[in-house]
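Undergrad: Dropping a structure here in structure tokens format, bear with me for questions.
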Amino acid sequence: MKFNTGAVVHEPGSTKKNKTGNWREERPIINMAKCTGCGICWVVCPDGAPFKKGKVFDIDYDYCKGCLICKRECPFNAIDSVDEER
Amino acid sequence: METLVVERLAQFVNNGELDARMIKVESEHSACSAAFGAQAAGVRAFSATNSQGLALMNEILYIMSGARLPAVFGIVNRAMSSPINIWCDHSDTMGCRDTGWIQLYCESAQEILDTTLQAFRIGEHKDVLLPVMVCFDGFILSHLYEPVYIPTRTEVKPFVGKYRPHVKLDPDKPVTMGPVGMPDSYMEFKKQQAEAMEAAKKVIKDVDREFKRRYGRGYGGLVEKVNIPAKTIIIALGSVCGTIKEVIKKHKNIGLLRIRSFRPFPEKEVKKACAKAENICVIDRAFSFGNHGPIFTEVNSALRNCNATITGFIAGLGGRDITPDDIENVIKNADEGGTLWLDVFGKGVSR
Chain A
1 MKFNTGAVVH EPGSTKKNKT GNWREERPII NMAKCTGCGI CWVVCPDGAP FKKGKVFDID
61 YDYCKGCLIC KRECPFNAID SVDEER
Chain B
1 METLVVERLA QFVNNGELDA RMIKVESEHS ACSAAFGAQA AGVRAFSATN SQGLALMNEI
61 LYIMSGARLP AVFGIVNRAM SSPINIWCDH SDTMGCRDTG WIQLYCESAQ EILDTTLQAF
121 RIGEHKDVLL PVMVCFDGFI LSHLYEPVYI PTRTEVKPFV GKYRPHVKLD PDKPVTMGPV
181 GMPDSYMEFK KQQAEAMEAA KKVIKDVDRE FKRRYGRGYG GLVEKVNIPA KTIIIALGSV
241 CGTIKEVIKK HKNIGLLRIR SFRPFPEKEV KKACAKAENI CVIDRAFSFG NHGPIFTEVN
301 SALRNCNATI TGFIAGLGGR DITPDDIENV IKNADEGGTL WLDVFGKGVS R
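Respectively, the protein sequence lines represent chains A and B.
Take the first sequence: its position 31, counting from 1, is numbered 31 in our numbering, and each next residue is one higher.
Take the second sequence: its position 129, counting from 1, is numbered 129 in our numbering, and each next residue is one higher.
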């Protein structure tokens, strides 16, 4: 790790290196059979964790913090959740 | 109090004597935030405040030093409410002792001006990069009329120099300031800050020496020594040192150690100056409730391996004058030890 004076980050886009997925308490899981690919989950996610995979969406678990806003907002109830186990 | 400082600066800007922009804000919290923003944008920022106003800035003070932005603030030392009191003591700046700002205390009006010039050089030094508070006693110095030599811009320029920020916000070269420091990195950044504060000791001395060479006025760097070594040494900071200097002229074997830099604390210099002293008297214009005066505690820590008796004197809170008689009382009680209060409830000295 580099420790620049005043913790200044000189390279843009470094947030990607900081994997925040391990903060997650609950894991959202998209039911691919129900997913219509509307993208509402991607719109509402504070972290941009959902991504398009073919015609449906999947979740990048490296960054998903498990807030479950996607589960609440999905108009097709296509998102379930389970407790995260480590 | 600081209003005068800011009013004069506003005049300078309005008259075109100072190449600066005045930002009007609604509170000290905002003033400090605006100064942070200006420094982040790559220019020098100055503000002035005191007392409750400084307390309101407190949150941003830590952010500024952590981000290593070397702003300079003039702090007119004043008591903290309640009861409401607008007069001099050091409770305000002692309360932000650990904010990571350098704190320099002045004895005279001329020293305030000179220290402000020095402060930019100290804070902006590449080994330091820390914000600086130039502290001076409310009323006693802030409302004192005495001749001050104000150098011209051409005189000051070669000393202060052009500001070259170590980092700035620039759309062409984007950076992130104030990111998250997780448990895996926060401590490293704090260690860097601690090292910068340590490095400031040498820089404060060097800058004062260079200032003296250039302008003929010097203040001793971290500490000013009068009649040292001596059997009894009084340690104090700020304007009261002028009174002490007068009183000790009438005595033999009494010296004064004036702390100019409280942060960083000149531990080595205190140790060296007090090595042969028998009695050390520390005058505090502030009190840490539940313990002792803040300077007393620092001096005790610096002299932990010495045999001298160290006595703390709490004096001049909320603008009560510290008179020559009070200093005589300090000298009389130099071997008492512990903390004594001067001139309170009508008694000269009390526990």
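Every residue, glycine too, gets a C-beta built ideally from N, C-alpha and C.
Cβ closer than 9 Å: which chain A residues qualify as neighbours of B:G181?
TA: Position 181 of the second sequence, counting from 1, holds the residue named residue 181 of chain B. Here the neighbours are A7.
Undergrad: Where does the unbroken beta strand (DSSP E) through B:L342 begin, and where does it stop?
TA: Translated into positions along the second sequence, residue 342 of chain B becomes position 342. Taken as a continuous stretch (DSSP letters only), the beta strand (DSSP E) holding B:L342 covers G338 to V344.
Undergrad: Mapping the DSSP letters down to three states, classify B:G37 as helix, strand or coil.
TA: Residue 37 of chain B sits at position 37 when you count from the first residue of the second sequence. Note: B:G37 maps to helix in three-state DSSP.
Undergrad: Which whole runs of the alpha helix (DSSP H) in the segment 150-199 of chain B are 4 residues long or more, in chain order?
TA: DSSP runs (the alpha helix (DSSP H)) wholly in the segment 150-199 of chain B: 153-160.
Undergrad: Report the partner residues of B:E269 according to the DSSP bridge assignment.
TA: Stepping through the second sequence from its first residue, residue 269 of chain B is reached at position 269. Beta-bridge pairing links B:E269 to no other residue.
Undergrad: Assuming A:G21 is part of the beta strand (DSSP E), what are its boundary residues?
TA: The residue given as residue 21 of chain A occupies position 21 in the first sequence. Where A:G21 is concerned, there is no enclosing beta strand (DSSP E), given that its DSSP letter is neither H nor E.
Undergrad: Please classify B:T152 as buried or exposed, where buried requires at least 16 neighbouring CB atoms within 10 angstroms.
TA: Your numbering for residue 152 of chain B matches position 152 in the second sequence. That one is exposed.
Undergrad: Along chain A, which residues have their Cβ under 7 Å away from the Cβ of B:E353?
TA: Residue 353 of chain B is absent from the model: chain B starts at 1 and stops at 351.
Undergrad: Which residues in the same chain have their Cβ closer than 8 Å to the Cβ of B:P324, if we skip the five residues on either side of it in sequence?
TA: Stepping through the second sequence from its first residue, residue 324 of chain B is reached at position 324. Within the same chain, B:P324 has close Cβ partners T243, E246 and V247.
Undergrad: Report the neighbours of A:P12 on chain B: residues whose CB is nearer than 9 Å to its CB, in chain order.
TA: If you number the first sequence from 1, residue 12 of chain A lands on position 12. The contacting residues are P174, V175 and T176.
Undergrad: With distances taken from CA atoms, which of A:T20, A:C70 and A:V8 is nearest B:P179?
TA: Residue numbering aside, residue 179 of chain B sits at position 179 when the second sequence is read from its first letter. Among A:T20, A:C70 and A:V8, the Cα nearest to that of B:P179 is on A:V8.
Undergrad: Can you tell me whether DSSP reads B:V76 as helix, strand or coil?
TA: To locate residue 76 of chain B, count along the second sequence from 1; it is residue 76. Strand.
Undergrad: Applying the 10 Å Cβ sphere with the 16-neighbour rule, what's the burial state of B:K21?
TA: Locating residue 21 of chain B in the second sequence gives position 21, where the first residue counts as 1. Note that residue 21 of chain B is Arg in the sequence shown here, rather than Lys. Exposed: under 16 other Cβ atoms inside 10 Å.
Undergrad: What are the residues that DSSP puts in a beta bridge with B:T232?
TA: Position 232 of the second sequence, counting from 1, holds the residue named residue 232 of chain B. Beta-bridge pairing links B:T232 to B:I254 and B:N279.
Undergrad: With DSSP as the reference, label B:T309 as helix, strand or coil.
TA: Translated into positions along the second sequence, residue 309 of chain B becomes position 309. Looking at B:T309 - three-state DSSP - the assignment turns out to be strand.
Undergrad: Which first and last residues belong to the alpha helix (DSSP H) in which B:T115 is found?
TA: On the second sequence, residue 115 of chain B is found 115 positions in, with the first residue counted as 1. Element bounds for B:T115: A109 to E124.
Undergrad: In chain order, what residues of the same chain have a beta carbon less than 7 Å from the beta carbon of A:C74, not counting five sequence neighbours either side?
TA: Position 74 of the first sequence holds residue 74 of chain A. Counting only Cβ-Cβ distances below 7 Å, and skipping sequence neighbours, we find I40 and C41.
Undergrad: With DSSP as the reference, please indicate the residues paired to B:E224 in a beta bridge.
TA: Numbered from 1 along the second sequence, position 224 holds the residue referred to as residue 224 of chain B. Beta-bridge pairing links B:E224 to B:R258.
Undergrad: Can you pull out the residues from the segment 127-155 of chain B whose beta carbon lies closer than 7 Å to at least one beta carbon of chain A?
TA: Those would be L129, in chain order.
Undergrad: Is the beta carbon of B:N77 closer than 8 Å to that of B:D98?
TA: Position 98 of the second sequence, counting from 1, holds the residue named residue 98 of chain B. Position 77 of the second sequence, counting from 1, holds the residue named residue 77 of chain B. Against a cut-off of 8 Å, the Cβ pair of B:N77 and B:D98 comes out as no contact.
Undergrad: Which bits of chain A does B:Q355 rub up against, with CB to CB less than 8 Å?
TA: For residue 355 of chain B there is no data in the structure shown, the boundaries of chain B being 1 and 351.
Undergrad: When Cβ atoms are compared, which residues of the segment 68-79 of chain B fall closer than 8 Å to chain A?
TA: Those would be R68 and L69, in chain order.
Undergrad: Going by beta carbon distance, what residues of the same chain come within less than 8 Å of B:I63, once the five residues before and after it are set aside?
TA: Start at 1 with the first residue of the second sequence, and residue 63 of chain B comes out as number 63. Taken in chain order, the residues that qualify are F36 and G178.
Undergrad: Write down the C-beta distance between B:I102 and B:L141 rounded to the nearest angstrom, noting that I regard them as a contact closer than 8 Å.
TA: Indexing the second sequence from 1 puts residue 102 of chain B at position 102. Indexing the second sequence from 1 puts residue 141 of chain B at position 141. Contact doesn't hold; Cβ gap of about 19 Å is too wide.
Undergrad: Using the Cβ count rule (16 or more neighbours within 10 Å means buried), how would you classify B:M94?
TA: In the second sequence, counting from the first residue as 1, residue 94 of chain B sits at position 94. Counting Cβ neighbours within 10 Å, B:M94 comes out buried, since at least 16 surround it.
Undergrad: At what residues does the beta strand (DSSP E) containing B:T49 begin and finish?
TA: Sequence index remark: in the second sequence, residue 49 of chain B carries index 49 (1-based). Run containing B:T49: F46 to T49, per the beta strand (DSSP E) assignment.
Undergrad: Quick check: is any heavy atom of the ligand FAD less than 7 Å from the C-beta of B:K225?
TA: In the structure shown, the ligand FAD is absent, as is every other ligand, since no ligand is present at all.
Undergrad: Tell me which residue opens and which closes the alpha helix (DSSP H) that B:F296 is part of.
TA: Mapped onto the second sequence, residue 296 of chain B falls at position 296. Where B:F296 is concerned, the enclosing alpha helix (DSSP H) stretches over P294 to A302.
Undergrad: What's the gap between the Cα of A:K19 and the Cα of B:L257?
TA: Taking the first sequence and counting its residues from 1, the one referred to as residue 19 of chain A is at position 19. Taking the second sequence and counting its residues from 1, the one referred to as residue 257 of chain B is at position 257. Distance between the alpha carbons of A:K19 and B:L257 is about 54 Å.
Undergrad: Examine chain A for any beta-carbon lying closer than 8 Å to the beta-carbon of B:H125, and answer yes or no.
TA: Start at 1 with the first residue of the second sequence, and residue 125 of chain B comes out as number 125. False, the Cβ-Cβ gap to chain A never drops below 8 Å.
Undergrad: Using only CA atoms, which one of B:V167, B:T311 and B:K347 lies nearest to A:H10?
TA: Here the question's residue 10 of chain A lines up with position 10 in the first sequence. The shortest C-alpha separation from A:H10 is found at B:V167.
Undergrad: Could you compute how far the alpha carbon of B:V156 sits from the alpha carbon of B:Y163?
TA: The sequence position of residue 156 of chain B within the second sequence is 156, counting from 1. The sequence position of residue 163 of chain B within the second sequence is 163, counting from 1. C-alpha separation (whole angstroms): 13 Å.
Undergrad: Consult DSSP for A:F3 and reduce its assignment to one of helix, strand or coil.
TA: As a first step, residue 3 of chain A is located in the first sequence; it is residue number 3 there, counting from the start. A:F3 falls in the coil class under three-state DSSP.
Undergrad: Can at least three beta-carbon pairs, one atom from the segment 278-285 of chain B and one from the segment 227-237 of chain B, be found at a separation below 8 Å?
TA: Yes: the two stretches touch, three or more of their Cβ pairs being nearer than 8 Å.
Undergrad: Shorter than 8 Å from the beta carbon of B:K226 to some beta carbon of chain A?
TA: The residue you call residue 226 of chain B lines up with position 226 of the second sequence. It should be noted that the sequence gives Val, not Lys, for residue 226 of chain B. No, B:V226 lies away from the interface with chain A (no Cβ there is under 8 Å from its Cβ).
Undergrad: Could you say if the segment 114-121 of chain B and the segment 213-225 of chain B meet the contact criterion of at least three C-beta pairs nearer than 8 Å?
TA: Enough Cβ pairs lie closer than 8 Å, so yes.
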